[in-house]
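Below is the structure:
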C-alpha cells in the first residue's frame, strides 16, 4: 500500500511486534476505494459519506466480535489523523464497544464558520461528507450539535487529543472551546498542543502509540 498504511508503518509494527492486532483501512473515496465515492449521492441519496465511513468502522468492530475469536474485544481502541480522527470520534460517540480514542488534528468547531479555512463548508460543499450541514451556512449557531457534544458522548472513556498550535483547518482556540467543558468532568481526557501545523509527524505517532500501550 502507498496510502494511509505507509506513513505510520513503524508505529503499526511497534504494536504487532508486541502481539496487538492492528487494522488500518482506506475509507470510502480514498486510496483503493476512490470509486466508491463516485456519484455517491446519486446512488445513495438518503445517506451521507460520513455516515458510510462510520458504518464501515462499526462493521469492522462487528467482525472483531463475530469473526475474529483471537481478538480481545474488551480492549478495542480507535486512532486517527485528520478525517480518520473525525470518523473515530463519531464512531466512538455511537458505539460503546470502543474503549478509548486517540486523534490528531481531527476537529475544531462546527459553529465556527469564520476562523477555519472552510468551516462547515468543508463538510457540506468541499468534500460532501455531511451535505445537510450546508443548510446552516450563515446560520451556524443553529447547528444542533458540535464536537463538545461528541466528546461528551465519549466521556468518561480515555481520550487523547493532539491539536497542533498552527492547524489552520482546526484553530486551537476552537479545539479548546470544545474540550474545556468536557475536561472538567472527564478525568481521562488529555489535550496535547504541539508547536506544529496540520501534519502527522513521527513524534505525534509515537505519542499516540505510547498512550495506547498505557491503556492496557
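In the working numbering, the protein residues as written are -17 to 198. Built from N, CA and C at the ideal position, the CB exists for glycine as well. What you are looking at is a predicted structure, and each value in this text was computed from that prediction instead of being measured.
Looking at the DSSP output, residue 61 shares a beta bridge with 84. For the pair of segments examined, the region 44 to 52 was found not to touch the region 10 to 25: the number of CB pairs separated by less than 8 Å stays below three. Three or more beta-carbon pairs separated by less than 8 Å are not found between the region 165 to 176 and the region 102 to 117, which leaves the two stretches without contact. For residue 5, no alpha helix (DSSP H) run applies, since DSSP gives it neither H nor E. DSSP places residue 162 within a helical segment (H, G or I) once states are collapsed to three. As DSSP reads the structure, residue 174 sits in a beta bridge with 144. Taking the Cα positions, residue 75 is about 17 Å away from residue 157. Secondary-structure assignment with DSSP links residue 179 through a beta bridge to 148.
Of the residues assessed, residue 29 falls on the exposed side of the cut-off, its CB having fewer than 16 other CB atoms within 10 angstroms. Of the residues 154, 36, 102, the one whose Cα lies closest to the Cα of residue 127 is 102. In the three-state reduction of the DSSP assignment, residue 26 falls in the coil class. One thing to note: residue 37 has its Cβ no nearer than 9 Å to the Cβ of residue 65.
In this structure residue 186 touches residue 86 by the C-beta definition: roughly 5 Å separates them, less than 8 Å.
For residue 118, the closest of 94, 129, 130 by C-alpha to C-alpha distance is 94. In the same chain as residue 53, and ignoring 5 residues on each side of it, the C-beta atoms closer than 7 Å to its own belong to 3, 46, in chain order. A residue is called buried when at least 16 other Cβ atoms come within 10 angstroms of its Cβ; residue 120 does not meet this threshold and is exposed. Residue environment for residue 78: exposed (fewer than 16 other C-beta atoms within 10 angstroms of its C-beta). Listed in chain order, the non-local C-beta contacts of residue 73 below 7 Å within the same chain comprise 36, 39, 40, 60, 80, local neighbours out to five positions each way being set aside.
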